[in-house]
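Okay, so here's the structure we're looking at.
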Amino acid sequence: MTEFFSSLIIPVIVSAAGLVMLLGGSRFFDSFLRGAKVGLETALGLLPTLVALVCAVSMLNASGAVSFVCAKIAPAAAALGIPEGLLPLLLTRPISGSASTAVFSALLEEYGADSFEALCASVIMGSTDTLVYVVTVYFSAAGVKRTRHTFPVAVAVMIFGIFLSCLVCRLFFLRV
Amino acid sequence: MLGRVFGIICILSLVFSLITGNTSGLSNAVLDGATQAVELVLTLTGIMCLWCGIMQVFEDAGLVKRLTRLMSPLLRVFFPTAYRTKNGAEEIAANISANLLGLGNAATPLAIRAMQKMQTSNPDPTGASDDMITLAVLNTASVSILPSTIIALRRAAGAAQPYLVVVPVWICSALSALFALLLSRAAAVAGRPARRRAKSAGKIAAAPGKAVGNMVSGAAPAASGGRGGER
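And the structure:
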């Protein structure tokens, strides 16, 4: 049932845009082209940052540092219901969007896209954002120096999101 | 920021590979990493083009405006100052609508404009106001109707059903966002009496300068125990 529903989401959204174009006339196709161009620029604009960070992440993986650190924290994480494979993602997610994208794609390669680790990681990627980036960009733009309770609250929200993602994934995908 | 991350990771990797003796693996990792980045961008480009285009159609059809209107009763509760002073309220609603539609490029400038407007009605411009904090925290819990990047990456990695995660993502991001709103509001309410007390204390101790006042306001919430609930 959820599988059927999920498989319809993307076609329905795309068709809805098609309907708008059908009813609203050709100016909406121009809207599409304008938006797609922005998307292209965004995607290509990511490349320089990603070259640096994917490179760094792949070095860190190859050096053995990741597995060394993860093996140390794994027992504590397992007790909390977090799979060991997720730890590198959890450590990078709050800091940088590009770095966590790089880690996420390495995780998909290593565990397979249909594994429980990959599903959990997907949900975490989808329901959290980079804390440090958001807070620094927003507050420096406004000229604020003291962030008051921002970090404690944001960290609490992120921890909540991580546990919730693992829990929801277990309910959704691990029906034993 | 990223420069520091890159530097730390590189040096750490080099030291570790010298210890484990796997230097040839490290050398290959550098070369592979650069290639992988290009592959990653290639897998993302198609869907980002398509998705941004489709969302632009919805935006031009007036969907963002309608969403903005639909949400304002709820947002009035969580951003009381912005709505009372009418300073930044529109931008906040538009930022959230843009995030919902996955228009990250449009969402960030809107949030920044909302922050700058709220700053003009901030009684203490050196510190973030309650509503500013709520908006920042809300933006760290991403809510979007389709996590298109994640789906593209899953598809590229050979997932049988890359879209299978959409419903769990909805549930988790909606609950996280709600938790973000409630917790920031609770922290704002809990911090208020303590701050007022700290301010009057700061006035008494005003002679040694502002630093003392800041120290008091930093220490007061912890001392009063008023913020215990948010931890």
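Going down the list, the protein sequences come from chains X and U.
Just so you know, the first sequence maps onto residues 1 to 176 in the numbering used here.
Just so you know, the second sequence maps onto residues 1001 to 1231 in the numbering used here.
Cβ coordinates follow ideal geometry from the N, Cα and C atoms, glycine included.
All values derive from a computational prediction rather than experimental measurement.
* Taking Lys145/X as the query, report the chain U residues whose CB atoms sit under 8 Å from its CB, ordered along the chain. => By Cβ distance, chain U contributes Thr1126 and Gly1127.
* Asked: Cβ of Ser1176/U within 9 Å of Cβ of Ser127/X?
  -> yes
* Asked: Quick one: does Lys1210/U have its CB under 9 Å from some CB of chain X?
  -> Residue placement at Lys1210/U is flagged as unreliable, the pLDDT there being 39, under the threshold of 50; a coordinate-derived value is accordingly withheld.
* Pair within 9 Å by beta-carbon distance, Cys55/X and Gly1003/U -> no
* Starting from the Cα of Ser1129/U, find the closest Cα among Asn1095/U, Gly1088/U, Leu1012/U and Glu1059/U and give me that residue. => Gly1088/U
* Does the beta carbon of Ser1072/U come closer than 9 Å to any beta carbon on chain X? -> no
* **Interface residues of the segment 9-32 of chain X facing chain U [CB-CB below 7 Å]** => Ile9, Ile10, Ile13, Val14, Ala17, Val20, Met21, Gly24, Phe28, Ser31 and Phe32
* Quick one: is Ile95/X near chain U, going by C-beta distance under 9 Å? -> yes
* Which residues of chain X have a Cβ atom closer than 7 Å to the Cβ of Ser1173/U, listed in chain order? -> Gly126 and Ser127
* Asked: Nearest-angstrom Cα distance between Ala1187/U and Val153/X?
  -> Spanning the alpha carbons of Ala1187/U and Val153/X requires a straight line of approximately 8 Å.
* Can at least three beta-carbon pairs, one atom from the segment 59-73 of chain X and one from the segment 1016-1035 of chain U, be found at a separation below 8 Å? -> yes
* C-alpha distance - Cys1049/U paired with Arg1192/U, whole-angstrom precision -> Answer to the nearest angstrom: the Cα atoms are 46 Å apart.
* To do: Taking only beta-carbon positions, decide if Phe1078/U is within less than 9 Å of chain X.
  => no
* Is Cys81/X close to chain U, meaning its C-beta is less than 9 Å from at least one C-beta of that chain? -> Rather than Cys, the amino acid found at residue 81/X in this sequence is Gly. No, Gly81/X lies away from the interface with chain U (no Cβ there is under 9 Å from its Cβ).
* Mark Phe5/X as exposed unless 16 or more other C-beta atoms lie within 10 angstroms of its C-beta, in which case mark it buried. => exposed
* Going by DSSP, which residues form a beta bridge with Arg146/X? -> Gly1127/U
* To do: Answer with buried or exposed for Ser58/X, where buried requires no fewer than 16 other C-beta atoms within 10 angstroms of its C-beta.
  => buried
* Between the beta-carbon of Ala1157/U and the beta-carbon of Ala118/X, is there less than 9 Å? -> Closer than 9 Å, so yes.
* What runs of the alpha helix (DSSP H), each 4 residues or longer, lie entirely inside the segment 1019-1098 of chain U? -> 1023-1060, 1063-1078 and 1080-1085
* Just curious, the alpha helix (DSSP H) that Pro1109/U is in, first and last residue? -> Looking at the DSSP string, the run of the alpha helix (DSSP H) that includes Pro1109/U is Gly1104 to Thr1120.
* By how many angstroms is the C-alpha of Glu1059/U removed from the C-alpha of Ala17/X? -> 10 Å
* Taking all protein chains shown into account, decide if Thr1174/U is buried (16 or more other Cβ within 10 angstroms of its Cβ) or exposed. => The amino acid at residue 1174/U is misidentified as Thr; the sequence shows Ala. Exposed, by the Cβ-count rule.
* **Chain-ordered neighbours of Asp1032/U on chain X, where CB pairs are closer than 8 Å** => Within 8 Å Cβ-Cβ: Ser58.
* To do: Ignoring anything shorter than 4 residues or poking outside the segment 78-102 of chain X, list the alpha helix (DSSP H) runs there in chain order.
  => 87-92
* On the three-state DSSP scale, how would you describe Ser115/X? -> DSSP places Ser115/X outside both helix and strand once states are collapsed to three, so it counts as coil.
* When we look at the beta-carbon of Asp1131/U and count the other beta-carbons within 10 Å, is it buried (16 or more) or exposed? -> Buried, because 16 or more other Cβ atoms sit within 10 Å of the Cβ of Asp1131/U.
* List the residues of chain X whose Cβ lies closer than 8 Å to the Cβ of Ile1133/U, in chain order. => Thr147, Arg148, His149, Thr150 and Val153
* Contact set for Ile1133/U: own chain, Cβ-Cβ below 8 Å, skip 5 residues either direction -> In chain order, Ser1184, Ala1187 and Ala1188 place their CB closer than 8 Å to the CB of Ile1133/U, counting only its own chain and leaving out the 5 sequence neighbours on each side.
* To do: Could you tell me whether the Cβ of Tyr1163/U comes closer than 9 Å to any Cβ of chain X?
  => yes
* Spatially closest choice to Leu1146/U from Phe163/X, Ile82/X and Ser122/X, by CA coordinates -> Ser122/X
* Asked: Leu89/X: beta carbon under 8 Å from a heavy atom of the ligand ZN?
  -> By its list of ligands, the structure shown contains no ligand whatsoever, and the ligand ZN lies outside what it can speak to.
* Do you know whose CA, among Cys70/X, Gly35/X and Leu60/X, lies nearest Gln1056/U's CA? -> Gly35/X
* To do: Establish whether the CB of Phe68/X and some CB of chain U are separated by less than 9 Å.
  => yes
* Close beta carbons around Leu1026/U, own chain, < 8 Å, minus the five adjacent residues each side -> In its chain, beyond the 5 residues on either side, Ser1013, Leu1014 and Ser1017 have a beta carbon closer than 8 Å to the beta carbon of Leu1026/U.
* Asked: Under a CB-based cut-off of 9 Å, is Ala71/X close to chain U?
  -> Proximity of Ala71/X to chain U, defined by a Cβ-Cβ separation below 9 Å, is not satisfied.
* To do: Closer than 9 Å by beta-carbon distance: list the chain X residues that pair up with Val1176/U, in chain order.
  => With the sequence shown as reference, residue 1176/U is identified as Ser, and Val is not the correct amino acid for it. Ordered by position in chain X, the residues that pass the 9 Å Cβ test against Ser1176/U are Ser127, Thr128, Val157, Met158, Phe160, Gly161, Leu164 and Ser165.
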